[in-house]
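Numbering (my numbering), first residue to last: 3 to 134.
The structure appears right after this line, and notes come after that.
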Amino acid sequence: MNVTELLRLLQVEHDETAARAEGLREQIEQLIGALAEVEARLAEIVTTGKVIDGLTLPDHEPVPAETATVYQRIVTAFNEHPRRVFRVRDLHELLGLPTDEPSINVTRSRLGRLVRQGLLDQPGRGRFQKRT
Numbered sequence: 003m004n005v006t007e008l009l010r011l012l013q014v015e016h017d018e019t020a021a022r023a024e025g026l027r028e029q030i031e032q033l034i035g036a037l038a039e040v041e042a043r044l045a046e047i048v049t050t051g052k053v054i055d056g057l058t059l060p061d062h063e064p065v066p067a068e069t070a071t072v073y074q075r076i077v078t079a080f081n082e083h084p085r086r087v088f089r090v091r092d093l094h095e096l097l098g099l100p101t102d103e104p105s106i107n108v109t110r111s112r113l114g115r116l117v118r119q120g121l122l123d124q125p126g127r128g129r130f131q132k133r134t
């Protein structure tokens, strides 16, 4: 086997491996999108269950908003306003959360995590909206 043949075989293997890598990247993107949709739906189901529990069971007190996790409240706010772009302070005001700097920083971190999970987009620095 000469050097030319060896280089040709190496190029063929390179091309096949690159094509496989591209296919895997496409699958990953599809899975990330599907996961984001499922997680958003799960948050909606949890919220709906709490609302129904509060409405349909007269012998139980309604579930107070404080018992919902902050993450659930954040996701619900974005689901209720899917096209709106929020700044962290605006989101705090909407949710009735404290607007002191330490609280804002914690929420900023939470929003970053939701962006990494694919639930939210960050169209600009300090701005967040529901991923479409």
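Glycine included, C-beta positions come from ideal geometry on N, C-alpha and C.
In this structure residue 74 does not touch residue 40 by the C-beta definition: roughly 15 Å separates them, more than the 8 Å allowed. The C-beta of residue 101 has fewer than 16 other C-beta atoms within 10 Å across all chains shown, which makes the residue exposed. Sequence-distant Cβ neighbours of residue 77 in its own chain, meaning closer than 6 Å and more than five residues away, are 45.
The Cβ atoms of residue 113 and residue 87 lie no closer than 8 Å to each other. Shown here, residue 104 sits in a helix according to DSSP, grouped into three states.
Nearest C-alpha to residue 125 among 95, 85, 94 and 107: 85.
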